[in-house]
Amino acid sequence: MAGSTAGDENGRTAFATQLRAAIATSGLSLDRIQARLRARGVVVSVTALSYWQSGKRQPERQSSLSAVRTLEEILDVPAGALLGLLPPPRPRGGAGKRHAGGEPMSFPREVLQPLLDKVGAPNALERQHPLKLVGLHDLCEIAADGGQRAVTARAVFQAVSDGQDRWLLVYTQDDPAAGAPDLHAVRNCRVGRAEVDEAHGLIVAELLFDQPINRGETHLIEYTLTNSGPPYPECRNTHYREFRRPVREYLLEVRFAPGTAPERCWQYSHNGSTDSLTRRPLKLDGGDGVHAVALDFGPGVFGIDWD
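Residue numbers (our numbering): 205 to 511.
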């Protein structure tokens with residue numbers, strides 16, 4: 205994610221200050237405000253209201269902006285008194301990844317290369333990859349506040365040459381201000397050397413296999429990236445992977461906190477150009493989750509977004 209501008213920060217502070225003042229003047233508790241919003245058909249959690257008035261979050265989605273208009277009526281402030289203080293919504297997606305429908309936002313080499321040098325992989329961007337990604341399963345867990353709580357990944361690799369004993373993980377945080385996530389090895393691997401660029405929300409780490417594999421052999425690993433919260437890091441209502449090389453099968457699951465599932469979800473993919481973008485609606489399952497599958501996909505971006 206590009207760094208926030210001073211104007212954005214000032215706008216967020218002004219909105220939070222004005223909202224706190226309006227709530228104090230009204231004499232209403234957050235619970236009563238939530239109830240009045242619900243009576244008008246607007247669903248906003250007490251947690252979200254608390255974050256808005258504290259400045260930890262700002263309304264960005266269209267549904268949240270509509271809620272602010274209703275808030276102005278409930279708090280008896282002039283139309284636009286709160287909404288007009290909000291900076292323009294920031295684009296979805298994180299730095300180093302790609303927008304759902306936009307142009308590539310890959311990290312400049314000068315950002316990534318120092319981390320690769322520190323973990324002992326200075327030539328990782330040039331050399332032919334010794335492991336083929338056969339299958340990948342991502343489970344993204346969204347917290348009640350709409351932030352990303354954790355991502356659990358299960359990957360299957362096939363060795364292209366003998367003696368392969370590690371995989372290099374490069375992960376970008378959508379909300380760098382929240383700090384880097386905690387990386388935990390779950391199955392058949394352990395975390396080796398790891399380096400973090402806090403300013404860009406970027407982590408590069410070795411995942412060392414329990415045992416080396418030779419050409420044609422496969423190995424399954426599982427790891428989890430966990431964020432601290434609440435508030436949890438913002439995810440812009442989307443989760444996606446950028447594949448530099450083809451993958452035979454990619455399964456992406458997004459699971460929402462109970463009672464917070466969105467009304468609509470979409471699957472999207474593209475190869476880096478706007479013209480190649482494809483989208484289709486998805487149905488939520490009975491467990492407050494949604495999934496999408498890509499077969500023989502890549503290079504490109506594949507993801508799910510929601511509203």
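Using N, Cα and C, we set each Cβ at its ideal position, and we do this for glycine too.
Residue i to residue j span [Cα, whole Å]
i, j, result
"Gly367", "Thr428", "25 Å"
"Gln377", "Gly383", "8 Å"
"Asn475", "His333", "20 Å"
"Ala354", "Asn431", "6 Å"
"Arg468", "Cys393", "37 Å"
"Arg273", "Leu411", "48 Å"
"Arg391", "Asp414", "9 Å"
"Ser249", "Leu340", "34 Å"
"Phe361", "Asp369", "11 Å"
"Phe219", "Ala239", "22 Å"
"Leu387", "Val451", "23 Å"
"Arg358", "His423", "11 Å"
"Gly490", "Ser233", "33 Å"
"Leu499", "Phe447", "13 Å"
"Arg313", "Gly324", "16 Å"
"Arg242", "Pro435", "23 Å"
"Ala398", "Ile425", "17 Å"
"Thr217", "Leu287", "13 Å"
"Asp321", "Pro416", "23 Å"
"Asn327", "Val408", "14 Å"
"Ile237", "Ala271", "11 Å"
"Ser258", "Arg484", "37 Å"
"Gly463", "Cys439", "18 Å"
Spatial neighbours of residue i in its chain, beta-carbon cut-off 6 Å, leaving aside the 5 residues before and after
i, result
"Ala465", "Leu488 and Asp492"
"Arg294", "Any reading at Arg294 must be qualified, since the residue scores a pLDDT of 44, below 50, and its modelled position is unreliable; no value is offered."
"Leu269", "Pro263"
"Arg261", "Tyr255"
"Val315", "His404"
"Leu455", "His341 and Val497"
"Thr356", "Leu343 and Thr428"
Strand pairing of residue i, partner residues [DSSP]
i, result
"Ala489", "The identity of residue 489 in the sequence shown is Asp, whereas the question assumes Ala. Answer is none; Asp489 lacks a bridge partner."
"Lys336", "Gln362"
"Asp386", "Thr430"
"Gln352", "Ile346"
"Asp509", "Thr442 and Trp470"
"Ala325", "DSSP output for Ala325 lists no bridge partner at all."
"Tyr454", "Leu340 and Ala498"
"Phe447", "Gly504"
"Ala409", "Leu373 and Ala398"
DSSP state of residue i mapped onto helix, strand, coil
i, result
"Lys260", "coil"
"Pro416", "strand"
"Ala357", "strand"
"Ala252", "helix"
"Gln377", "coil"
"Arg345", "Checking the sequence, you will find Glu at residue 345 rather than Arg. Looking at Glu345 - three-state DSSP - the assignment turns out to be strand."
"Gly288", "helix"
"Val315", "helix"
"Asp369", "strand"
"Ser473", "strand"
"Asp235", "helix"
"Ala283", "coil"
"Pro293", "Here the model assigns Pro293 a pLDDT of 47, short of 50, so the residue's position is not dependable and the matter cannot be decided."
"Glu421", "coil"
"Ala465", "coil"
"Leu320", "helix"
"Arg391", "strand"
Residue i: CB within 7 Å of a non-hydrogen atom of the ligand ADP
i, result
"His443", "With respect to the ligand ADP, the structure shown offers nothing to examine, as it has no ligands at all."
8 Å Cβ shell around residue i - same chain, five flanking residues per side excluded
i, result
"Val364", "Gln332, His333, Pro334, Leu335, Lys336 and Arg419"
"Leu486", "Cys469, Trp470, Gln471, Val494, His495, Ala496 and Ile508"
Own chain, CB closer than 7 Å to residue i, minus 5 neighbours either side, in chain order
i, result
"Ala389", "Val395, Leu411 and Tyr427"
"Arg449", "His333, Leu337, Gly502 and Pro503"
"Thr221", "none"
"Asp235", "Val250"
Stretch-stretch touch, CB-based, cutoff 8 Å, three pairs: the stretch 226–238 with the stretch 277–287:
yes
Measuring CB atoms only, is the stretch 456–476 touching the stretch 338–356, in the sense that at least three cross pairs come out at less than 8 Å?
yes
If you pair each beta-carbon of the stretch 493–510 with each one of the stretch 433–449, do three or more pairs fall below 8 Å?
yes
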